[in-house]
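Chains D and R, in that order, give the protein sequences. In this text, residue positions in the first sequence follow my numbering: the first is 407, and each later residue adds one. In this text, residue positions in the second sequence follow my numbering: the first is 83, and each later residue adds one. For glycine and all other residues, C-beta sits at the position ideal for the given N, C-alpha and C. Just so it is clear, the structure is predicted and the values come from calculations on it, not from any experiment.
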Amino acid sequence: MSNRRDVWITGIGLVSSLGEGPEAHRLALSSGTAPVVNETGFAPYVVHPLAPISFDAQIPKKGDQRQMEPWQRIGTYAAGLALDSAGIKGDKDILGTTDMVVAAGGGERDQSVDGAILTEIENQPNPEVFLNEQLQSNLRPTLFLAQLSNLLAGNISIVHGVTGSSRTFMGEESSGTDAVRIGWSRIAAGTSEIALVGGAYNAERRDMLLLFALKRLAMHAPWAPVLAQPKGVPTGSAGAFLVLESPEHATARGAKPIAKLSGVWSERARRNEPGAVEAVLEELLKTAGAGNGDETAVFSAASGAPEPTQAEAAVLARSGLPVRSVTDRVGHGLEAQMPVALAMAALSVAEGRLFAPLAGETLEKPFDGPLSRAIVTAVGHWRGEGVALVERAD
Amino acid sequence: MASYTDKAGRPIVVVTGMGLVTSLGQGKQDNWAKLTSGMSGIHRITRFPIDAMRTTIAGTVDYLPKSKSTAPDLSEELATLAADEAIAESGIGTKGAFPGPLFCAVPPIELEWPQRRILAQEAAPNAAVSYDDLLRAAEANGHDAWHERFLYGSIADHLADRFGTRGQPISLSTACASGNTSIQLGVEAIRRGDCDAALSIATDGSVTAEALIRFSLLSALSTNNEVPEAASRPFAKNRDGFIIAEGAGALVLESLEHALARGAKILGVVEGVGEMADSFHRTRSSPDAKPVIGCMRRALADAGVEPDAIDYINAHGTSTPENDRMEFTGMSAVFGERLTGIPISSNKSMIGHTLTAAGAIEAVISLMTIANGRIPPTINYELPDPAIPLDVVPNVARDATVTRVMSNSFGFGGQNVCLILTGEPA
Numbered sequence: 407m408s409n410r411r412d413v414w415i416t417g418i419g420l421v422s423s424l425g426e427g428p429e430a431h432r433l434a435l436s437s438g439t440a441p442v443v444n445e446t447g448f449a450p451y452v453v454h455p456l457a458p459i460s461f462d463a464q465i466p467k468k469g470d471q472r473q474m475e476p477w478q479r480i481g482t483y484a485a486g487l488a489l490d491s492a493g494i495k496g497d498k499d500i501l502g503t504t505d506m507v508v509a510a511g512g513g514e515r516d517q518s519v520d521g522a523i524l525t526e527i528e529n530q531p532n533p534e535v536f537l538n539e540q541l542q543s544n545l546r547p548t549l550f551l552a553q554l555s556n557l558l559a560g561n562i563s564i565v566h567g568v569t570g571s572s573r574t575f576m577g578e579e580s581s582g583t584d585a586v587r588i589g590w591s592r593i594a595a596g597t598s599e600i601a602l603v604g605g606a607y608n609a610e611r612r613d614m615l616l617l618f619a620l621k622r623l624a625m626h627a628p629w630a631p632v633l634a635q636p637k638g639v640p641t642g643s644a645g646a647f648l649v650l651e652s653p654e655h656a657t658a659r660g661a662k663p664i665a666k667l668s669g670v671w672s673e674r675a676r677r678n679e680p681g682a683v684e685a686v687l688e689e690l691l692k693t694a695g696a697g698n699g700d701e702t703a704v705f706s707a708a709s710g711a712p713e714p715t716q717a718e719a720a721v722l723a724r725s726g727l728p729v730r731s732v733t734d735r736v737g738h739g740l741e742a743q744m745p746v747a748l749a750m751a752a753l754s755v756a757e758g759r760l761f762a763p764l765a766g767e768t769l770e771k772p773f774d775g776p777l778s779r780a781i782v783t784a785v786g787h788w789r790g791e792g793v794a795l796v797e798r799a800d
Numbered sequence: 083m084a085s086y087t088d089k090a091g092r093p094i095v096v097v098t099g100m101g102l103v104t105s106l107g108q109g110k111q112d113n114w115a116k117l118t119s120g121m122s123g124i125h126r127i128t129r130f131p132i133d134a135m136r137t138t139i140a141g142t143v144d145y146l147p148k149s150k151s152t153a154p155d156l157s158e159e160l161a162t163l164a165a166d167e168a169i170a171e172s173g174i175g176t177k178g179a180f181p182g183p184l185f186c187a188v189p190p191i192e193l194e195w196p197q198r199r200i201l202a203q204e205a206a207p208n209a210a211v212s213y214d215d216l217l218r219a220a221e222a223n224g225h226d227a228w229h230e231r232f233l234y235g236s237i238a239d240h241l242a243d244r245f246g247t248r249g250q251p252i253s254l255s256t257a258c259a260s261g262n263t264s265i266q267l268g269v270e271a272i273r274r275g276d277c278d279a280a281l282s283i284a285t286d287g288s289v290t291a292e293a294l295i296r297f298s299l300l301s302a303l304s305t306n307n308e309v310p311e312a313a314s315r316p317f318a319k320n321r322d323g324f325i326i327a328e329g330a331g332a333l334v335l336e337s338l339e340h341a342l343a344r345g346a347k348i349l350g351v352v353e354g355v356g357e358m359a360d361s362f363h364r365t366r367s368s369p370d371a372k373p374v375i376g377c378m379r380r381a382l383a384d385a386g387v388e389p390d391a392i393d394y395i396n397a398h399g400t401s402t403p404e405n406d407r408m409e410f411t412g413m414s415a416v417f418g419e420r421l422t423g424i425p426i427s428s429n430k431s432m433i434g435h436t437l438t439a440a441g442a443i444e445a446v447i448s449l450m451t452i453a454n455g456r457i458p459p460t461i462n463y464e465l466p467d468p469a470i471p472l473d474v475v476p477n478v479a480r481d482a483t484v485t486r487v488m489s490n491s492f493g494f495g496g497q498n499v500c501l502i503l504t505g506e507p508a
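Next up, the structure:
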């Protein structure tokens, strides 16, 4: 629509296996550091572990930290980094009008309680009654709150004071795309001035690996680059939040854009139809203007699940654009993956250059030219296709 | 000539189809008859053993084929029935081709105990069972269908297939405010001009033993077990917690222009939506009720009306000591002395707290209240709470002309969303 206005990215918070913050990521990416993977701790699976982080720096109260499971801590921490980066941390007036859209899973379980119950339950005269008794006496009362999807947003409200509005989207990868899309749409349409959008994922948990394992979709060691060898999802612990802002609002408080978020689009291919993913992604890339200009690269958030990733790789190969796999660098953070990829794309566009290709990822070609646009592709491991366009702000 | 835009120049968003499933029954007419005769859908739990449970009552939906299946199976069935009814009433699109996006509020979803037990038995370790054993069994034994079933997005995805909604459906949760959020997202999309129509669904069929225990451990549930029908007592002095329940509500939202162009019957208008998050506590509301007050005022401002224009409030009214007091405090600040003269009722007194689905169910009932000129009562109101004097339409339905309703939903995690609904476009 013609009356849409620009949307700036004015803050980025990013934590992953590569570290925390823009500098750590810029450094790791530009120096071609090998991916950080744990191939033994969750054998036979490959997991990208979260870099050591002092949560106190963004979540000062231990009581708050205790109320969260790791996925919430990661997200609350990344959200704090984003607010710092935007220069609005602690600014009650702005945070009181900041609209929040969070992409979340949830459900982290107490695996020792589950294990103990499963060990004994089949020997009980009445297994269901036994289950109730065990849950009643062994579940931590506050665990439920650490499992609820919308309690990442709730914790961000409590710890950082973001209270303009608060919505949580679920639905795996597509929820990350749509969280950013809705935040972007509201600002573009003039019904929101500033938004905090993002997500978080804890890969270092067997209950989530279990969900992938049911369809043999978790990547087994050894690690492999996902576009060249899509043999499973290499999950990665990560959190990413972006502060999106109207130029008017940002300018009024003297804030500068890191980059411009020029659009976010989501679709849903009917995956039982052959070729559907390729066709949908092709169309989305066209919408995002993949054909315009030389200074454009694709940041892929591919999952590594075989079929959709093969489809994505085929489309990216045909596009002729330089490609970088975000998932190869930090693993796949499910709901958080689009925000993570967007954060990396925005940092690269802000820097004006693309980091070096990764050995073995044959789609990644050297690209030395100036980078002014990045297209992020997010194809879900089972559903949902999305694309976002980041452009240089000046 | 009627204008297609509201006072703020935005497209007017109307409701042209509604569907409802609760523990009282399936469909709007059945529910309406029972709600206005003050019937309760709360009963003793039979879905799982209640030995050792502190709470033994619920408003589960036990009469459907999937009632004994998994939470996502039942939630999907509830949503499907509600949406079938809403789309049929609306007459929008063609069969299997809904001309707009889907916003679907869904309960928490995860692998459940029956599946975990099967995996553990298949793994059959000699020592204690661990998640590594479950992982081995999962890789080996071909339970592929469980993967999709226990993804958060699977309910909305299946609904999108069935109803042919456009684009990627959004699955959402704002805890007990989710139903209102599903409507809010549709309203915003239509006002932005992103679409002419949207399907908002909120569903919850997640009353498992573990879910009951989790809420019980947070001391949120009523333990008035003796007489299930009398347990939910919103705003009464002897209220002691909410009754967990199941159900679904669905609404077809359209721009007024789109609805009129196709000759659709207008069931009501979503005139305003307000939201404000609370940073006070994970489960408790700010004692000064500021976020709730802000949320109600934002809804009124969004609708472009003064508090005086509200003549009925469909309360969140959970029957917990804290919610009902806080909601009273919030309403007092917004409506002042006029509050005691406004009829306020809680549908939860009869259908319990349907959690994720509550906002959508109560929006449907609110519009039926306007259409029928009859206010469903707050049942089980035997002992008024002198600290929160309200006209709760006690125990018996009341005939009244209702033109504009405020419908409140508040949830864990500081979620507050408030709707302003009217019958006719202004």
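Discussion item. Does chain R have any CB closer than 8 Å to the CB of S709(D)?
Written reply: In the first sequence, residue 709(D) corresponds to position 303, counting from 1. Using a CB distance cut-off of 8 Å, S709(D) does not count as an interface residue toward chain R.
Practice prompt. Check whether the Cβ atoms of L557(D) and L549(D) sit closer than 8 Å, and answer yes or no.
Written response: For this step, residue 557(D) is matched to residue 151 along the first sequence. For this step, residue 549(D) is matched to residue 143 along the first sequence. Annotated as distal: L557(D) and L549(D), with beta-carbon spacing of 8 Å or more.
Worksheet item: What does a CB cutoff of less than 7 Å around G412(R) pick up in its chain, not counting 5 residues either side in sequence?
Response: Translated into positions along the second sequence, residue 412(R) becomes position 330. Cβ contact annotation for G412(R) (same chain, cutoff 7 Å, sequence separation greater than five): A371, V374, I375, M378, in chain order.
Worksheet item: What's the call for M407(D), buried or exposed, on a 16-neighbour Cβ count within 10 Å?
Response: By one-based count along the first sequence, residue 407(D) stands at place 1. With a pLDDT of only 42 at M407(D), under 50, the local geometry of the prediction cannot be trusted, and no value is derived from it.
Worksheet item: Any contact of the region 423-436 of chain R with the region 243-257 of chain R, i.e. 3+ C-beta pairs under 8 Å?
Response: Touching, no.
Discussion item. Would you say F575(D) lies against chain R (beta-carbon separation less than 8 Å)?
Written reply: Within the first sequence, numbered from 1, the residue matching residue 575(D) stands at position 169. Yes, F575(D) counts as interfacial toward chain R.
Worksheet item: Going along the chain, which residues of the region 595-614 of chain D sit with their C-beta nearer than 8 Å to a C-beta in chain R?
Response: Residues A595, T597, R612, D613.
Item to complete: Please state if the CB of I124(R) and the CB of S337(R) are separated by a distance shorter than 8 Å.
Response: Counting from one through the second sequence, the residue named residue 337(R) turns up at place 255. Counting from one through the second sequence, the residue named residue 124(R) turns up at place 42. No, they are not a contact pair.
Worksheet item: Counting contacts by CB-CB distance shorter than 8 Å, is T416(D) in contact with chain R?
Response: Counting from 1 along the first sequence, the entry for residue 416(D) is found at position 10. Cβ-Cβ to chain R under 8 Å: no for T416(D).
Discussion item. According to DSSP, W671(D) sits in a beta bridge with which residue or residues?
Written reply: Working through the first sequence from its first residue, we reach residue 671(D) at position 265. Paired residue(s): V793(D).
Discussion item. Since L333(R) and S282(R) should fall inside the 8 Å C-beta cutoff, what is the C-beta to C-beta distance between them, to a whole number of angstroms?
Written reply: Within the second sequence, the letter at position 251 stands for residue 333(R). Within the second sequence, the letter at position 200 stands for residue 282(R). Yes, L333(R) and S282(R) are in contact; Cβ-Cβ is about 5 Å, under 8 Å.
Fill in: P196(R) classed as buried or exposed, judged by whether at least 16 other C-beta atoms fall within 10 angstroms
Numbered from its first residue, the second sequence carries residue 196(R) at position 114. The residue is exposed, with fewer than 16 neighbouring Cβ atoms inside 10 Å.
Worksheet entry | C-beta neighbour in chain D for A140(R), strict 8 Å | On the second sequence, residue 140(R) is found 58 positions in, with the first residue counted as 1. The beta carbon of A140(R) sits no closer than 8 Å to any beta carbon of chain D.
Worksheet item: Considering only residues of the same chain and omitting the five flanking positions on each side of D384(R), which have a CB-CB separation below 6 Å?
Response: On the second sequence, residue 384(R) is found 302 positions in, with the first residue counted as 1. Scanning its chain for C-beta atoms nearer than 6 Å, with the 5 sequence neighbours on each side dropped, one finds around D384(R) the residues G354, V355, G356, in chain order.
Discussion item. One question on the structure: do R129(R) and K150(R) come within less than 8 Å of each other, judged by their Cβ atoms?
Written reply: Position 47 of the second sequence, counted from the start, is the residue given in the question as residue 129(R). Position 68 of the second sequence, counted from the start, is the residue given in the question as residue 150(R). The answer is yes: Cβ separation under 8 Å.
Fill in: Through-space distance from A720(D) to V413(D), alpha-carbon basis
Here residue 413(D) corresponds to residue number 7 of the first sequence, with the count starting at 1. Here residue 720(D) corresponds to residue number 314 of the first sequence, with the count starting at 1. Using only the alpha carbons, I get a separation of about 31 Å.
Practice prompt. Name, please, each residue of chain R whose Cβ falls closer than 7 Å to the Cβ of A619(D).
Written response: On the first sequence, position 213 is the one that residue 619(D) refers to. For a Cβ distance threshold of 7 Å, residue set L217, A220, E221 of chain R lies close to A619(D), ordered along the chain.
Worksheet item: On the premise that A708(D) lies in contact with V785(D), defined as a C-beta separation below 8 Å, what is that separation, rounded to the nearest angstrom?
Response: Counting from 1 along the first sequence, the entry for residue 785(D) is found at position 379. Counting from 1 along the first sequence, the entry for residue 708(D) is found at position 302. Contact between V785(D) and A708(D) is confirmed by a C-beta separation of about 6 Å, below the 8 Å threshold.
Item to complete: Pull up the CB-CB distance for D406(R) and I470(R), whole angstroms please, since I reckon it's below 8 Å.
Response: Stepping through the second sequence from its first residue, residue 406(R) is reached at position 324. Stepping through the second sequence from its first residue, residue 470(R) is reached at position 388. Right, their Cβ atoms sit about 6 Å apart.
Practice prompt. Return the CA-CA distance between A430(D) and G496(D), expressed in angstroms with no decimal places.
Written response: Along the first sequence, one-based indexing puts residue 430(D) at 24. Along the first sequence, one-based indexing puts residue 496(D) at 90. Looking at the two C-alpha atoms, the distance is approximately 24 Å.
Worksheet item: When Cβ atoms are compared, which residues of the region 287-304 of chain R fall closer than 7 Å to chain D?
Response: Near chain D, meaning a CB-to-CB distance below 7 Å, the residues of the region 287-304 of chain R are A291, E292, I295, R296, L299, L300.
Practice prompt. Compare the C-beta of F232(R) with all C-beta atoms of chain D and state if any pair is closer than 8 Å.
Written response: If you number the second sequence from 1, residue 232(R) lands on position 150. It does: the Cβ of F232(R) has a partner Cβ on chain D nearer than 8 Å.
Worksheet item: Would you report the Cα separation of A509(D) and K319(R), rounded to the nearest angstrom?
Response: For the purposes of this step, residue 509(D) is identified with residue 103 of the first sequence, where counting begins at 1. For the purposes of this step, residue 319(R) is identified with residue 237 of the second sequence, where counting begins at 1. Just so you know, the alpha carbons of A509(D) and K319(R) end up roughly 39 Å apart.
Discussion item. For the region 470-498 of chain D, list every residue whose C-beta sits within 9 Å of some C-beta in chain R, in sequence order.
Written reply: Those residues of the region 470-498 of chain D that come within reach of chain R (Cβ to Cβ, closer than 9 Å) are Q473.
Worksheet item: Where DSSP assigns a beta bridge to E336(R), which residues make up the other side?
Response: As a first step, residue 336(R) is located in the second sequence; it is residue number 254 there, counting from the start. In the DSSP output, where bridge partners are listed per residue, E336(R) has V96(R), A279(R).
Worksheet item: Which residues mark the beginning and the end of the beta strand (DSSP E) in which L602(D) is found?
Response: The residue you call residue 602(D) lines up with position 196 of the first sequence. Per DSSP, L602(D) belongs to the beta strand (DSSP E) from 600-607.
Worksheet item: What residue does the alpha helix (DSSP H) around Q497(R) start on, and which one ends it?
Response: Position 415 of the second sequence, counted from the start, is the residue given in the question as residue 497(R). No alpha helix (DSSP H) holds Q497(R); the beta strand (DSSP E) holding it covers 497-504.
Worksheet entry | CB contact flag (P190(R), Q553(D), <8 Å) | Mapped onto the second sequence, residue 190(R) falls at position 108. Mapped onto the first sequence, residue 553(D) falls at position 147. Yes, these two residues count as a Cβ contact at 8 Å.
Worksheet item: What's the call for S572(D), buried or exposed, on a 16-neighbour Cβ count within 10 Å?
Response: Here residue 572(D) refers to the residue found at position 166 when the first sequence is read from its first residue. That one is buried.
Worksheet item: At a CB-CB cut-off below 8 Å, which residues of chain D make contact with F494(R)?
Response: The residue labelled residue 494(R) in the question sits at position 412 within the second sequence. Going along chain D in sequence order, the residues near F494(R) (Cβ under 8 Å) are L551, L554, N556, L557, G560.
Discussion item. I'd like the list of long-range same chain contacts for S668(D), defined as Cβ closer than 6 Å, with 5 residues on each side in sequence excluded.
Written reply: Position 262 of the first sequence, counted from the first residue, corresponds to residue 668(D). Non-local C-beta neighbours of S668(D) in its own chain, meaning closer than 6 Å and more than five positions away in sequence, comprise L795, E797, ordered along the chain.
Fill in: Test: E445(D) CB closer than 8 Å to a CB of chain R
Translated into positions along the first sequence, residue 445(D) becomes position 39. No, because no Cβ of chain R sits closer than 8 Å to the Cβ of E445(D).
Fill in: Complete runs of the alpha helix (DSSP H) confined to the region 348-432 of chain R [at least 4 residues]
Correct list: 372-385, 403-417.
Fill in: Residues from the region 668-689 of chain D in contact with chain R, defined by Cβ distance under 8 Å
Listed by position, the residues of the region 668-689 of chain D near chain R (Cβ gap below 8 Å) are S672, E673, R674, R676.
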